[in-house]
Amino acid sequence: MNAVPLISVQHLSRHYGNIKAVDDVSFELAKGEVLGFLGPNGAGKSTTMQILTGNLAPTSGRITICGIDLIEQPKLAKAEIGYLPEQPPLYRELSVDEYLRFCARLNRIRSNKVTAAVARAKQRCGLESVGRRLINNLSKGYQQRVGIAQAIIHSPSIVVLDEPTVGLDPIQIREIRKLIRELGEEHGVILSTHILPEVQMTCDHVQIITAGKLVFAESIQKLRQQMQVRHHIVGLRNPPNKVVLLSIEGVEQVEQLEDGRLRLQHEAQTDIVPQLVEKAVAENWGLLELTPERKTLEQIFVDITSADQQPAVEETL
Amino acid sequence: MMMLLLARRELRSLFLSPLAWSILAVVQFILAYLFLTQLNDFITLQPRLKMLENAPGATELVIAPLYGSAAFILMMVVPLLTMRLISEERRNRSLTLLFSAPLSMSEIILGKFLGILIFFAGMTAMLTIMPLTLLFAGPLDLGHLAAMVLGLLLLISAFSAVGLYMSTLTVQPTVAAISTFGALLLLWIIDWAGNKVGDENASGLFSYLSLLRHFEALAKGVFNSSDVIYYLLFITVFIVLSIRRLDADRL
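So the protein lines, in turn, are chains A and B. For the first sequence, counting from 1, position 69 maps to 779 in my numbering; every step adds exactly one. For the second sequence, counting from 1, position 54 maps to 49 in my numbering; every step adds exactly one.
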């Protein structure tokens, strides 16, 4: 089981007429991983997820779920997936218990185990107190939780969640993120979102998709490295010549900011701060300010999505 | 198994909405009224009928018209209940739940069809109770009654199959209802065209296509296997079309 990836996607494409919603996307997901899918609006996140869950047929490409081909044996493959679409697929006229029982039976849970499965899903999603209420009368946050409960009721190998924290309050968001981390221990989780901190908090792997293309696929550690400090803002009363600053070991570039401060770019591995401070004191530069400039995931995201989009636009022109 | 589960869910949702109850009540009320008027006429005519040889009985004079009216009324009622089968699920995005579950498209369609059929079987049973009460007063032609019940059930199934297919075509339940009603009405009156023209061949084809013609035979108590096969074929065609249409949603 461990040798076979939970999900393996090879050269997946989906075209709507001339529009390539998903263009040659390949990736894998192993057990115990949480994969975060990032992308601007209309990048093809939801389309990819719909294809993964069998709701949409791919134009080309191959998807195997636990070694089972999704196209050839959809029933077997679908039994291994739990899916929460963007809009939770609820029957609003039913009560939470009735709905979850139906979902359990739909996923072929034996009738003597249904009650236990429903109770477990409710407990995991914090729905114990609303079991008898009608879904229609629940708040958006609770409806979202019912949607998640529905996706995990049959303990699938893979849980696919399309923007699971939309419409939740901050406390609920924290609970759901905790739940996603828990799910990630036993199942593989694929998560799409446009909330960047969510990815940092919950995911092991990050994939950025833009205009249907996978442009970034790294583990979260690699991403953290990218996010390491590479810039310092320095304020000096008597700034020395640029050449002097460039002579400090590791400094690659010095940039004069409008307000007189300097922006130093340096190698990610070397820490320039001790040397800089020493020199500043010894040569009486009058150090006023020294601020590390951290690159946020947001910047990386913007860098990647905007850099890769421009050539694509030119191509189409 | 899965079909039964889906059918049960369908019925449950149906009875949780006031629509099903009000339709049951209205249809029952109208049919009861028609039944009583027919019965009244029959009782007034009875002394004169006695003088005739081979006079028609209550089955022909009271019950047959009742089933005829029921067929006509149901042609208008079926679209109202079948319209939401798929289209509403599509609109509420709950269809995703069924698509993501380990189910085949045939199971989804057949489950929904079964659910609506159980509902209409219940309606037919309620309707049939009325003629059966006449057994207290005298004998009935039970074979004839059985043929009429069978005919009505087949007719409703055919209506429902069309309604189900129309519901797979659209997101708007009302559009599904109107197109179903239009299609059913056309199939109902299609044999008029042939009759008017007076062309034997044309009228033969059109009357064969007509839903009504095949029902009329059964309503007269004539059990002809070709009529039953006509309905079964008709239902199969629309079920297969529905399955294919739903399958095309993924493409």
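Every residue, glycine too, gets a C-beta built ideally from N, C-alpha and C.
Where residue i falls, given that 16 or more other Cβ within 10 Å makes a residue buried
| i | result |
| --- | --- |
| residue 1024(A) | Per-residue confidence for residue 1024(A) stands at a pLDDT of 40, beneath the threshold of 50, marking its modelled position as unreliable; the derived number appears in the next sentence. Exposed, by the Cβ-count rule. |
| residue 243(B) | exposed |
| residue 152(B) | buried |
| residue 1016(A) | exposed |
| residue 887(A) | buried |
| residue 898(A) | buried |
| residue 935(A) | exposed |
| residue 947(A) | exposed |
| residue 721(A) | exposed |
| residue 207(B) | buried |
| residue 805(A) | buried |
| residue 1001(A) | exposed |
| residue 999(A) | exposed |
| residue 275(B) | One cannot answer for residue 275(B) here, as it falls past the ends of chain B, which runs -4 to 246. |
| residue 233(B) | buried |
| residue 1010(A) | buried |
| residue 4(B) | buried |
| residue 84(B) | buried |
| residue 724(A) | buried |
| residue 118(B) | buried |
| residue 728(A) | exposed |
| residue 72(B) | buried |
| residue 186(B) | buried |
| residue 988(A) | exposed |
Which listed residue (the options) has its alpha carbon closest to that of residue i
| i | options | result |
| --- | --- | --- |
| residue 986(A) | 960(A), 1007(A), 970(A) | 960(A) |
| residue 943(A) | 934(A), 1003(A), 890(A) | 1003(A) |
| residue 101(B) | 131(B), -1(B), 226(B), 89(B) | -1(B) |
| residue 94(B) | 58(B), 223(B), 179(B), 1(B) | 1(B) |
| residue 717(A) | 730(A), 947(A), 729(A), 779(A) | 779(A) |
| residue 843(A) | 877(A), 817(A), 821(A), 807(A) | 807(A) |
| residue 903(A) | 819(A), 794(A), 814(A) | 794(A) |
| residue 923(A) | 781(A), 714(A), 758(A) | 758(A) |
| residue 122(B) | 226(B), 20(B), 221(B), 161(B) | 20(B) |
| residue 750(A) | 981(A), 742(A), 873(A), 784(A) | 873(A) |
| residue 865(A) | 814(A), 907(A), 851(A), 803(A) | 814(A) |
| residue 107(B) | -4(B), 245(B), 246(B) | -4(B) |
| residue 22(B) | 48(B), 42(B), 70(B), 53(B) | 70(B) |
| residue 230(B) | 158(B), 201(B), 219(B) | 158(B) |
| residue 849(A) | 950(A), 861(A), 879(A), 737(A) | 879(A) |
| residue 765(A) | 105(B), 91(B), 6(B), 241(B) | 91(B) |
| residue 68(B) | 187(B), 125(B), 240(B), 24(B) | 24(B) |
| residue 949(A) | 839(A), 991(A), 851(A), 732(A) | 991(A) |
| residue 26(B) | 99(B), 52(B), 63(B), 49(B) | 63(B) |
Residue i - partner residues in DSSP beta bridges
| i | result |
| --- | --- |
| residue 927(A) | 917(A) |
| residue 964(A) | 974(A) |
| residue 45(B) | According to DSSP, residue 45(B) bridges with nothing at all. |
| residue 793(A) | 870(A) |
| residue 946(A) | 997(A) |
| residue 726(A) | 729(A) |
| residue 123(B) | Residue 123(B) is not bridged to any residue. |
| residue 738(A) | 718(A) |
| residue 747(A) | 902(A), 917(A) |
| residue 772(A) | 720(A) |
| residue 1002(A) | 942(A) |
Closer than 6 Å: residue i CB and nearest the ligand GDP heavy atom
| i | result |
| --- | --- |
| residue 852(A) | No copy of the ligand GDP occurs in the structure displayed, which carries no ligand at all. |
For residue j and residue i, believed in contact at Cβ under 8 Å, the rounded distance
| i | j | result |
| --- | --- | --- |
| residue 162(B) | residue 182(B) | Incorrect: roughly 17 Å between the Cβ atoms, too far for contact. |
| residue 1007(A) | residue 906(A) | 5 Å |
| residue 719(A) | residue 773(A) | 5 Å |
| residue 975(A) | residue 966(A) | At roughly 13 Å, the Cβ-Cβ gap does not stay under 8 Å, so residue 975(A) and residue 966(A) are not in contact. |
| residue 767(A) | residue 245(B) | 5 Å |
| residue 763(A) | residue 876(A) | Contact flag wrong, Cβ pair sits at about 18 Å. |
| residue 112(B) | residue 160(B) | So it is not a contact: roughly 15 Å between Cβ atoms. |
| residue 860(A) | residue 810(A) | 7 Å |
| residue 775(A) | residue 732(A) | No, residue 775(A) and residue 732(A) are not in contact; Cβ-Cβ is about 17 Å, not under 8 Å. |
| residue 103(B) | residue 241(B) | 7 Å |
| residue 912(A) | residue 890(A) | 5 Å |
Any chain E beta carbon closer than 7 Å to residue i
| i | result |
| --- | --- |
| residue 799(A) | The structure shown contains no chain E; the protein chains it does contain are A and B. |
Inset, instruction - May I ask you to verify whether the stretch 966 to 984 of chain A touches the stretch 908 to 917 of chain A, counting CB pairs closer than 8 Å and requiring at least 3? - result: no
Inset, instruction - Evaluate the contact criterion for the stretch 854 to 861 of chain A versus the stretch 789 to 804 of chain A: three or more CB pairs, one atom per stretch, below 8 Å. - result: yes
Legend entry - Touch test, the stretch 747 to 755 of chain A against the stretch 825 to 835 of chain A, Cβ-Cβ under 8 Å, three pairs minimum: no
Inset, instruction - Assess, as a yes-or-no matter, whether the stretch 975 to 986 of chain A is touched by the stretch 11 to 27 of chain B under the definition of 3 or more beta carbon pairs within less than 8 Å. - result: no
Inset, instruction - Spell out a yes or no on whether the stretch 160 to 174 of chain B and the stretch 74 to 87 of chain B are touching, meaning 3 or more CB-CB pairs, one atom from each, closer than 8 Å. - result: yes
Inset, instruction - Give a yes or no on contact between the stretch 207 to 217 of chain B and the stretch 135 to 155 of chain B, applying the rule of three or more CB pairs nearer than 8 Å. - result: yes
Legend entry - the stretch 131 to 151 of chain B contacting the stretch 212 to 228 of chain B, beta-carbon criterion three pairs below 8 Å: yes
Inset, instruction - Could you tell me whether the stretch 53 to 62 of chain B touches the stretch 134 to 142 of chain B, where touching means 3 or more Cβ pairs closer than 8 Å? - result: yes
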